[in-house]
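Q: In order, the protein sequence lines correspond to chains A, B and C.
Those letters in the first sequence? Residues 1 to 86, per the working numbering, in order.
Those letters in the second sequence? Residues 1 to 470, per the working numbering, in order.
Those letters in the third sequence? Residues 1 to 361, per the working numbering, in order.
Cβ atoms here follow ideal geometry from the backbone N, Cα and C, with glycine treated the same way.
Treat the numbers as computed from the prediction; the structure is a model and nothing was measured.
Starting off with a structure, shown below.
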Amino acid sequence: MGGHLTATICCEIGAHDHAAAINAARWISQFYSDVTATVGNRRVDLASGVRGPAELKRVWQTCLANEKLMIGGDAMRASLLAELIE
Amino acid sequence: MIITPLRLREHSSAGTLCVNDTGRFFGASPTFVARLTNDDLSVEDEQFLKCEGHRISVDDKFARFAHLYALSERVVQPTTLDYLILVPTLRCNLSCSYCQVSRAGLRQKGFDWTEDTLAAVLEQLDKLPGDRIKIEFQGGEPTLRPDLIRAVIGQCERFAERQFVICTNLQVVTDEILAIFDRPDVFISTSLDGNAQTHARNRTADTPTTDGFFANLKRVIERYPAGKISALPTIDPESPPDIDALIDSYAALGLDGIFLRPINYQGFARKRHRGSREQGEAWRNYYERAVRRIIQRNWQDKSRILEETYFSICLRRIFHPGAERHVDLRNPNPMGIDYIVVDHDGTVYPTDEARMLARSGVVDLSIGDVATGWNGPARETLNRCSTNQFDPACRRCAYQPFCGRDIIDDIARYGRIDLPRTETEFCRRHLHIFDFVFELIYSDDPAVRYSLARWLRLPATPERFGIRHQ
Amino acid sequence: MIPLSLPAVSDAEQPFIARLRSSATLDLGERDALLIDEDEVGGSYAAADGLFAIDGVPAVQLDGDVVLVQPGPGRIERLLRAGSRHNTLLVTERCDQLCVMCSQPPKKTHVDRFDYLEQACLLAEPHSLIGISGGEPTLYKKRLLSMVERVLTDRPDIQFHILTNAQHFDDDDIHLLRQPLYRRVSWGIPLYASDASMHDEIVGKRGAFLRLFESFGVLLASAARVELRTVLLTSNADELPALARFISAKLRFIEVWSLMQLENTGFAKGRWQDLRYNHGSRFEPVAEALDVMNLNGVAAQLFNFPRCSVPRPYRNFAVASISDWKRKYAPACVTCTERELCTGFFEWHPSDEAEAEVTPL
Chain A
1 MGGHLTATIC CEIGAHDHAA AINAARWISQ FYSDVTATVG NRRVDLASGV
51 RGPAELKRVW QTCLANEKLM IGGDAMRASL LAELIE
Chain B
1 MIITPLRLRE HSSAGTLCVN DTGRFFGASP TFVARLTNDD LSVEDEQFLK
51 CEGHRISVDD KFARFAHLYA LSERVVQPTT LDYLILVPTL RCNLSCSYCQ
101 VSRAGLRQKG FDWTEDTLAA VLEQLDKLPG DRIKIEFQGG EPTLRPDLIR
151 AVIGQCERFA ERQFVICTNL QVVTDEILAI FDRPDVFIST SLDGNAQTHA
201 RNRTADTPTT DGFFANLKRV IERYPAGKIS ALPTIDPESP PDIDALIDSY
251 AALGLDGIFL RPINYQGFAR KRHRGSREQG EAWRNYYERA VRRIIQRNWQ
301 DKSRILEETY FSICLRRIFH PGAERHVDLR NPNPMGIDYI VVDHDGTVYP
351 TDEARMLARS GVVDLSIGDV ATGWNGPARE TLNRCSTNQF DPACRRCAYQ
401 PFCGRDIIDD IARYGRIDLP RTETEFCRRH LHIFDFVFEL IYSDDPAVRY
451 SLARWLRLPA TPERFGIRHQ
Chain C
1 MIPLSLPAVS DAEQPFIARL RSSATLDLGE RDALLIDEDE VGGSYAAADG
51 LFAIDGVPAV QLDGDVVLVQ PGPGRIERLL RAGSRHNTLL VTERCDQLCV
101 MCSQPPKKTH VDRFDYLEQA CLLAEPHSLI GISGGEPTLY KKRLLSMVER
151 VLTDRPDIQF HILTNAQHFD DDDIHLLRQP LYRRVSWGIP LYASDASMHD
201 EIVGKRGAFL RLFESFGVLL ASAARVELRT VLLTSNADEL PALARFISAK
251 LRFIEVWSLM QLENTGFAKG RWQDLRYNHG SRFEPVAEAL DVMNLNGVAA
301 QLFNFPRCSV PRPYRNFAVA SISDWKRKYA PACVTCTERE LCTGFFEWHP
351 SDEAEAEVTP L
């Protein structure tokens, strides 16, 4: 992503959300190629060369929520699927 | 235990697109996402999610089984072989710049089925257990060997449901070939790159050849009912044809389906069109403009429905799982099980792309031979990886229920199948197309809704294709 | 209106099953009753169980019918009419629900006819689809299932369609219902709303919705074939789209959703004006429900909707559902080009309404 950034923001990470935040930051650029994320101490720094601040925040919230859902239910969801495939 | 089998994607039109593992979806507001993240769902949220199957108590037998049932509709389970791509000859009477199979010259020897190969094909056809069959004749130019086509068709008379598709360049249509075309179970698929100029540039080169093609095309279109003939353009993304001119060239001939496929990274194309390894931004813009233009034209002229074939396939993957049997977009994607390719020399490949890769000398993905079988370790190896189900990227992707896995495409482009999904063209292409499909799903434009309804073959036009939850 | 029950006299002491035959043929079985005498309005028959005479219908119209001769009440009941696609066997008049529009209001007493019904089924024409109804058939679940299984075993060509409120299926039934035999059984099960209290109110039983979904769990686990049925009423009409969404999310395993217009009989008769939803004047909730079903790939159909009352895009969902014996057309229908495809009206549909509502196509 070259030079000019349209937004840089910083979001707080909730006390119980660290694991989900790490995953979200790791994957966010893969699904939203204009976004970078760096996780620090109870915070994440986000930047984009395409989206504005409000939109960038929404992308982060969505990724974080997605990762939380996975952490919460992935094992059960996978086992349900395995039940089918066997 | 209660699970919420949703995956989320931020989307320009839907808001936060929430997609169930079963494929059912809704668009959500940022405040909903916040409530979800903070474990602070309202009573209305819980009620909505429960009714839509997005909150499941796994101890509730009904809820669990209902979810499993819907999940099962997304998982492919084909069993019997009932679709074969047959290449009776690799010889061709054209020399298209982008030829994906590096065709052999008209008089070259050793590029047709031998007697033994034909016998082996006929024997395999006899062994097929099901009651229906679809055969696609590819090449080269298959109509150079009408005798082989007739032999195969003859062997298939026993099937209750038969469909034969002859993929032909329509350069030469003799009475003998016409007699085969006349059968009601035979369909014709040809290439039409646009108007005469575009077509000539890519394929037929000189005027007599170009004129000959168009004359034959008109001739068969006039002779046969709608739906018997389909055509595909192959588009140079670096100089794509004018969209209206392309649509006109199809519409004028009564052809309603346009499959917009950019030049493939195979065969002659690898040499002549170096830029084709990755389709980029320019192509995606062109594609979107083309689909929007088709929507406009459908709205202006309701006497016919034009569609971009792949868009419709993706749309149906979302709403009508199982209705479409497009072998390049399904999950898992069984290799060499329900369909195979038999090459001019009897070699069996899992897909046509695999055949092209071998022909270009890139990699040999053959799984056997029509005479001796194809149920060996090669096939097993392919099938072990032919799914998107457990991939770390796909597991968190909202489009996974609609998407697929094409390991042959990965090999063609990158020589390996273990690149992170999101770095592959297959993934990027489908992220883009599903983003685009959902943009139209959440559009309020009546012209958009009208086309979506027709492409889904609905009797009426629904008020909305996607719901929202605040 | 085709009579299902006729006056008869018999010298037998007990009721018995017989198949009426107008002429002797090679395959006369032990339950065949041969016509020995006839006139314009009836005939006399000889069966292994006794002699009987039927009054009211010429014998030729009864040829091939499987009947229950009831010497006591002096009647015969035509259980399986030859050549009809609409034969339904009543197994009980008891029911444990009290639907607000019930067309067969329940009685407290039960007369066990299972043996007779089984004998009748074994005499059915080849490839018959036999309906089973009540009251609530699964109040006698064990008896019902064993009868069904014996018939299906002895007659591999027969299929059943069983109407039930699905209040009595439990996990112990799964091993039975999973048997390949039950591929030839489909269950017609009513669901009136996606909201539990609305459904419970319509069926007159608190907790019905919850119990129904326990049964759905059993039926899903058994890979059972289910036809979901919803009667259209003023109370649930506007909730049809929500119900369609619910079905397309959670009841995808059904074979079809039948959306049914009200029948002016039984309880509905006294409540016709209150209950009946006039879809002809406002089709929108039905249209939206059908749109949801089509969009999400679950089959739906309209029962008891005259074709002219359905807007053209949805007209092919209107199937000819009304049984032949209780069907009529309005006088104006004689010029309609789609009459052969149309369900017409119930025999007891108010004639003035029928006349007012038709527009020949």
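Pull up the distance between the alpha-carbon of D391 (chain B) and that of G404 (chain B), whole angstroms please.
A: 11 angstroms
Q: For the alpha helix (DSSP H) containing D211 (chain B), name the first residue and the last one.
A: T207 to R223
Q: Is the CB of A97 (chain A) under 8 angstroms away from at least one CB in chain B?
A: Shown here, chain A extends from 1 to 86; a query on residue 97 (chain A) therefore has no answer.
Q: Looking only at its own chain, which residues have a Cβ that is under 7 angstroms from the Cβ of M1 (chain A), when we skip the five neighbours before and after it?
A: Residue placement at M1 (chain A) is poorly supported in this model, since its pLDDT is 45, which falls under 50; the coordinates are not used for a value here.
Q: Using a 10 Å radius around the Cβ and a threshold of 16 neighbouring Cβ atoms, would you call C10 (chain A) buried or exposed?
A: It is exposed - the Cβ of C10 (chain A) has fewer than 16 other Cβ atoms within 10 Å.
Q: Along the chain, where does the beta strand (DSSP E) that runs through V348 (chain B) open and close?
A: T347 to Y349
Q: Roughly how many angstroms lie between the CA atoms of R78 (chain C) and P106 (chain C), to the nearest whole one?
A: 21 angstroms
Q: Does the beta-carbon of R261 (chain B) have 16 or more other beta-carbons within 10 angstroms, so that it is buried, or is it exposed?
A: exposed
Q: For S42 (chain B) and N20 (chain B), I'd like the C-alpha separation in whole angstroms.
A: 19 angstroms
Q: Once DSSP output is grouped into helix, strand and coil, what is the label at K142 (chain C)?
A: Correct three-state label for K142 (chain C): helix.
Q: Leaving aside the five residues before and after L117 (chain C) along the sequence, list all residues of the same chain whose C-beta is less than 6 angstroms from its C-beta, in chain order.
A: L89
Q: Is there at least one Cβ from chain B nearer than 8 angstroms to R252 (chain C)'s Cβ?
A: yes
Q: In this structure, how does DSSP classify M1 (chain A) when only helix, strand and coil are distinguished?
A: Bear in mind that a pLDDT of 45 at M1 (chain A), under 50, signals an unreliable position, so the number given afterwards is only what the model happens to contain. In the structure shown, M1 (chain A) sits in coil (DSSP, three-state: anything other than H, G, I, E or B).
Q: Kindly list, in the order they appear in chain C, the residues whose Cβ is closer than 8 angstroms to that of L458 (chain B).
A: By Cβ distance, chain C contributes D291, N294 and L295.
Q: Could you tell me the distance, in whole angstroms, from the CA atom of L46 (chain A) to the CA atom of R464 (chain B)?
A: 35 angstroms
Q: Under 8 angstroms between beta-carbons, which chain A residues line up against P72 (chain B)? List them in chain order, please.
A: The sequence as given places Ser at residue 72 (chain B); Pro does not occur at that position. Result: L84.
Q: Using a threshold of 8 angstroms, state whether the C-beta atoms of R379 (chain B) and F26 (chain B) are closer than that.
A: No, the Cβ-Cβ distance between R379 (chain B) and F26 (chain B) is not below 8 angstroms.
Q: Using a Cβ-Cβ cut-off of 8 angstroms (strictly less than) and excluding sequence neighbours within five positions of R24 (chain B), which residues of its own chain qualify?
A: E52, G53, H54 and A70
Q: Quick one: is T90 (chain A) near chain B, going by C-beta distance under 8 angstroms?
A: Residue 90 (chain A) lies beyond the range of chain A shown here (1 to 86); nothing can be said about it.
Q: Are there three or more Cβ pairs, one per stretch, closer than 8 angstroms when the segment 359-374 of chain B is compared with the segment 335-350 of chain B?
A: yes
Q: List in chain order: all unbroken beta strand (DSSP E) runs of 3+ residues lying wholly within the segment 312-346 of chain C.
A: none
Q: Quick check for students: name the residue ranges of the alpha helix (DSSP H) that lie wholly in the segment 121-172 of chain B, counting only runs of 4 or more.
A: 146-155
Q: Closer than 7 angstroms between beta carbons: that is the criterion. Which residues of the segment 30-62 of chain B meet it against chain A?
A: P30, V33, A34, L36, T37 and V58
Q: Check for me: the alpha helix (DSSP H) holding F213 (chain C) runs from which residue to which?
A: A208 to A221
Q: I want to see whether chain B comes within less than 8 angstroms of G49 (chain A), judged by CB atoms only; does it?
A: At least 8 angstroms separates the CB of G49 (chain A) from every CB of chain B.
Q: What's the call for R219 (chain B), buried or exposed, on a 16-neighbour Cβ count within 10 Å?
A: Its Cβ having fewer than 16 others within 10 Å, R219 (chain B) is exposed.
Q: How would you write the range of the alpha helix (DSSP H) that F390 (chain B) sits in, first residue to last?
A: That residue, F390 (chain B), is in no alpha helix (DSSP H); it is neither H nor E in DSSP.
Q: From D324 (chain C) to V358 (chain C), what distance separates their C-alpha atoms?
A: Each residue's Cα considered, the two are about 19 angstroms apart.
Q: Residues bridged to L84 (chain B) by DSSP?
A: B:I135 and B:I340
Q: Got a sec, what are the start and stop residues for the alpha helix (DSSP H) M293 (chain C) sits in?
A: E284 to L295
Q: Could you pull out every residue in the same chain whose Cβ sits closer than 8 angstroms to the Cβ of G322 (chain B), ignoring the five residues on either side in sequence?
A: E73
Q: Is the CB of G217 (chain C) under 8 angstroms away from at least one CB in chain B?
A: yes
Q: Could you round the C-beta distance between I132 (chain C) and V66 (chain C) to whole angstroms and report it? I think they count as a contact, below 8 angstroms.
A: Between V66 (chain C) and I132 (chain C) the Cβ distance is about 15 angstroms, and since that is not below 8 angstroms, they are no contact.
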